[in-house]
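Novice: Numbering (the working numbering), first residue to last: 33 to 501.
Built from N, CA and C at the ideal position, the CB exists for glycine as well.
In this text, all values refer to a predicted model and were calculated from it rather than measured experimentally.
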Ligand code: FRU
């Protein structure tokens, strides 16, 4: 369809939908959410000329996945965001079924986007093109078209380019499925972003000691943290085990070292990045001060999405909060970006036994609690966290089946930091050693209630609601 026609329908969807969406009691007060329709992956996350830019997979026309657009926000501080012109609409033949995920780099002081043009055929098959678009003086993006078609040996599932510069050359990782239906990550190199040389598979199912490890790997990101390289990606098709891999799809990482000259990534074991219910397709960028920052999608592509109560209000899904990454003893540590402390308002502090703790309003709030003895924490009427001295169990009722479902974390608990925002809770364990990220949909104004004999020391803040302009 013509770009102008797509934009007219997009405008109509926003005109019709935004009041209803803004009336939703589950609408987040400080997380990024689509004004209408469906949001999924963070894309093109980059810092440039005083602003963080965050693009996102967006279906403005529906709460189902479909032909994706790229929405665009920017922020000077990771807290106050403003809408920017819609960056990409799927108007060309080489992206007829969506401008899929990708990344951003800076060329000649302007943002260049690298994304996947997704094309589906009537017989159910598909192909993919990796495409470029370049920022112009109006802050809009001019498409430069495909720079890479399907590499030989792979199905039509080759997507989600993440590009970075190393020693004066451009490198790209791509998520891929080979013809044997094995998930892989490809590494490519270029002098100019236009011509790419495929250096081969650097990780994948059946490679590097991983054994059989999924039929498709999506959304790779490769970056350096301290002395290590981190390959983050989302494998699909890992069977659930009793206490891990419980979500339909995972997001996780491999630590290792990329040998650029030989295109080989020596790596250790796979680790899941999140122990909660909803976390997928994370993407990172470098902050001006050298921190490695991350946004994730607080969703999982699965059958249950349409059961979210927000769908009745014409929108679905949010981003996670921005997080900063570090490494500690071979573990990826995720903490809320320090900028988020700017949201903190009214504060209270309390010490004593869990069962005597005051009930805390958590509609939009942060709690930090130091605790090591067993306790129970009710989060509204929609989530319950139990620490039994050996593991945390986080439980809720499944929106489709009504049955209880749980996620787990094993370890020695010392501290929890909870960021709560109407339809989500992000639980940072032991200063970011692990995170449990989850949607939840309380049916009344949620409060947190502690139970048990444990001695605890807590701080609680109400969080403010910065305007999204
Ligand atoms: C991950 C993903 C990507 C794809 C995009 C489409 O959630 O499936 O692989 O590019 O979403 O919206």
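#1: Looking only at C-alpha atoms, which of 400, 49 and 371 sits nearest to residue 382?
#2: According to DSSP, is residue 55 part of a helix, a strand, or is it coil?
#3: Runs of 3 residues minimum, wholly inside the segment 193–273: which ones carry the beta strand (DSSP E) assignment?
#4: Under the three-state reduction of DSSP, which class applies to residue 340: helix, strand or coil?
#5: Are residue 45 and residue 92 touching if we call contact CB-CB under 8 Å?
#6: Nearest to residue 314 by CA position, among 450, 352, 389 and 347, is which residue?
#7: Output the boundary residues of the beta strand (DSSP E) element that contains residue 116.
#8: Thinking just about the alpha-carbon of each residue, which of 334, 364, 287 and 269 is nearest to the one in residue 325?
#9: Could you say which of 209, 34, 63 and 38 lies nearest to residue 496 if we only look at CA atoms?
#10: Are residue 71 and residue 88 closer than 8 Å when you measure CB to CB?
#11: Among 412, 177, 433 and 407, which residue has its Cα nearest to the Cα of residue 421?
#12: Nearest CA to the CA of residue 285: which residue from 276, 294 and 299?
#13: Closest to residue 374 by CA distance: which of 56, 82, 276 and 109 is it?
#14: Leaving out five residues on either side along the sequence, give the residues of the same chain with a beta carbon under 7 Å from the beta carbon of residue 213.
#15: Do the CB positions of residue 368 and residue 245 come within less than 8 Å of each other?
#16: What residues in its chain sit with their C-beta under 8 Å from that of residue 55, if we drop five residues either side in the sequence?
#17: Within 10 angstroms of the Cβ of residue 291, are there 16 or more other Cβ atoms? Answer buried if so, exposed if not.
#18: Out of curiosity, what's the CA-to-CA distance linking residue 132 and residue 191?
#19: On the criterion of 16 or more Cβ atoms from any shown chain inside 10 Å, does residue 69 qualify as buried, or is it exposed?
#20: So, is residue 234 buried or exposed, given that buried needs 16 or more other C-beta atoms within 10 angstroms?
#21: Run through the segment 52–134 for me and flag every whole beta strand (DSSP E) of 3 or more residues, listed as ranges in chain order.
#22: From the DSSP output, read off the bridge partner residues of residue 468.
#23: What's the C-alpha gap between residue 113 and residue 330?
#24: May I ask you to report which of helix, strand or coil DSSP gives residue 367?
#25: Quick one: Cα of residue 511 to Cα of residue 225, how far?
#26: So, using beta-carbon positions, are residue 263 and residue 254 closer together than 8 Å?
#27: Reducing DSSP to helix, strand and coil, say where residue 41 ends up.
#28: Mapping the DSSP letters down to three states, classify residue 373 as helix, strand or coil.
#29: Can you find the residues in the same chain that come closer than 6 Å, C-beta to C-beta, to residue 275, ignoring five residues on each side of it along the sequence?
#30: For residue 61, which of 138, 196, 396 and 260 has the nearest alpha-carbon?
#31: What number of angstroms, rounded off, separates the C-alpha of residue 118 from the C-alpha of residue 479?
#32: For residue 468, tell me which candidate among 474, 476, 457 and 151 has the shortest Cα-Cα distance.
#33: Mind checking whether residue 135 and residue 143 have CB atoms under 8 Å apart?
#34: Which partner residues does residue 324 have in the DSSP bridge list?
#35: Can you round the beta-carbon distance between residue 218 and residue 240 to whole angstroms, since I take them to be within the 8 Å contact cut?
#36: Which word fits residue 211, buried or exposed, when buried means at least 16 other C-beta atoms lie within 10 angstroms of its C-beta?
Specialist: Result, derived from the coordinates:
#1: For the purposes of this step, residue 382 is taken as residue 350 along the chain shown, with counting starting at 1. Taking the Cα of residue 382 as reference, the smallest distance to any Cα among 400, 49 and 371 is reached at 400.
#2: Mapped onto the chain shown, residue 55 falls at position 23. It is coil, neither helix nor strand.
#3: Runs of the beta strand (DSSP E) inside the segment 193–273: 201–210, 215–222, 229–236, 248–257 and 260–268.
#4: Position 308 of the chain shown, counted from the first residue, corresponds to residue 340. DSSP places residue 340 in coil when its eight states are reduced to three.
#5: Position 13 of the chain shown holds residue 45. Position 60 of the chain shown holds residue 92. The Cβ atoms of residue 45 and residue 92 sit closer than 8 Å to each other.
#6: The count along the chain shown starts at 1 and reaches residue 314 at position 282. When C-alpha distances from residue 314 are compared across 450, 352, 389 and 347, the shortest belongs to 352.
#7: As a working note, residue 116 is residue 84 in the chain shown. First-last for residue 116: undefined, no H or E at that position.
#8: The residue labelled residue 325 in the question sits at position 293 within the chain shown. When each option's Cα is compared against that of residue 325, the closest is 364.
#9: One-based indexing of the chain shown puts residue 496 at position 464. The candidate whose alpha carbon is nearest that of residue 496 is 63.
#10: Start at 1 with the first residue of the chain shown, and residue 71 comes out as number 39. Start at 1 with the first residue of the chain shown, and residue 88 comes out as number 56. Yes; because the gap between Cβ atoms is below 8 Å, this pair is in contact.
#11: By 1-based counting over the chain shown, the position of residue 421 is 389. The candidate whose alpha carbon is nearest that of residue 421 is 407.
#12: Position 253 of the chain shown, counted from the first residue, corresponds to residue 285. For residue 285, the closest alpha carbon among the candidates 276, 294 and 299 is that of 299.
#13: Taking the first residue of the chain shown as 1, we reach residue 374 at position 342. The option with the nearest alpha carbon to residue 374 is 109.
#14: To locate residue 213, count along the chain shown from 1; it is residue 181. So the list reads 247, once near-sequence residues are dropped.
#15: Numbered from its first residue, the chain shown carries residue 368 at position 336. Numbered from its first residue, the chain shown carries residue 245 at position 213. Judged by their CB atoms, residue 368 and residue 245 are not nearer to each other than the 8 Å cut-off.
#16: Taking the first residue of the chain shown as position 1, residue 55 is located at position 23. Its chain contains 345 as the residues whose beta carbon lies nearer than 8 Å to that of residue 55, once the 5 sequence neighbours on both sides are disregarded; these appear in chain order.
#17: Residue mapping note: residue 291 aligns to position 259 of the chain shown, counting from 1. When all chains shown are included, residue 291 counts as exposed.
#18: Position 100 of the chain shown, counting from 1, holds the residue named residue 132. Position 159 of the chain shown, counting from 1, holds the residue named residue 191. In this structure, the CA atom of residue 132 is about 8 Å from the CA atom of residue 191.
#19: On the chain shown, position 37 is the one that residue 69 refers to. Counting every other CB atom within 10 Å of its CB across the protein chains shown gives residue 69 a total of 16 or more, marking it as buried.
#20: Position 202 of the chain shown, counted from the start, is the residue given in the question as residue 234. With 16 or more other Cβ atoms within 10 Å, it is buried.
#21: Here the runs fully enclosed are 69–80, 83–91 and 101–107.
#22: Working through the chain shown from its first residue, we reach residue 468 at position 436. DSSP lists 459 as partners of residue 468.
#23: Taking the chain shown and counting its residues from 1, the one referred to as residue 113 is at position 81. Taking the chain shown and counting its residues from 1, the one referred to as residue 330 is at position 298. Taking the CA atoms as reference points, residue 113 sits about 18 Å from residue 330.
#24: Translated into the one-based positions of the chain shown, residue 367 becomes position 335. Strand.
#25: The requested residue 511 is not part of the displayed model; the chain covers only 33 to 501.
#26: In the chain shown, counting from the first residue as 1, residue 263 sits at position 231. In the chain shown, counting from the first residue as 1, residue 254 sits at position 222. In contact: residue 263 and residue 254 (Cβ atoms closer than 8 Å).
#27: One-based indexing of the chain shown puts residue 41 at position 9. Residue state, collapsed to three classes: helix.
#28: Taking the first residue of the chain shown as 1, we reach residue 373 at position 341. If DSSP states are grouped into helix, strand and coil, residue 373 belongs with the helices.
#29: Here the question's residue 275 lines up with position 243 in the chain shown. Sequence-distant Cβ neighbours of residue 275 in its own chain, meaning closer than 6 Å and more than five residues away, are 440.
#30: Taking the chain shown and counting its residues from 1, the one referred to as residue 61 is at position 29. The shortest Cα separation from residue 61 among 138, 196, 396 and 260 belongs to 396.
#31: As a working note, residue 118 is residue 86 in the chain shown. As a working note, residue 479 is residue 447 in the chain shown. The straight-line gap separating the alpha-carbon atoms of residue 118 and residue 479 is approximately 37 Å.
#32: Within the chain shown, the letter at position 436 stands for residue 468. Measuring C-alpha to C-alpha distances from residue 468 to each of 474, 476, 457 and 151 identifies 457 as the nearest.
#33: The residue you call residue 135 lines up with position 103 of the chain shown. The residue you call residue 143 lines up with position 111 of the chain shown. No, the pair does not count as a contact, with Cβ atoms beyond the cut-off.
#34: By one-based count along the chain shown, residue 324 stands at place 292. Per DSSP, 318 and 357.
#35: Taking the chain shown and counting its residues from 1, the one referred to as residue 218 is at position 186. Taking the chain shown and counting its residues from 1, the one referred to as residue 240 is at position 208. By a beta-carbon distance limit of 8 Å, residue 218 does not contact residue 240. Their separation comes to about 14 Å.
#36: Position 179 of the chain shown holds residue 211. The residue is exposed, with fewer than 16 neighbouring Cβ atoms inside 10 Å.
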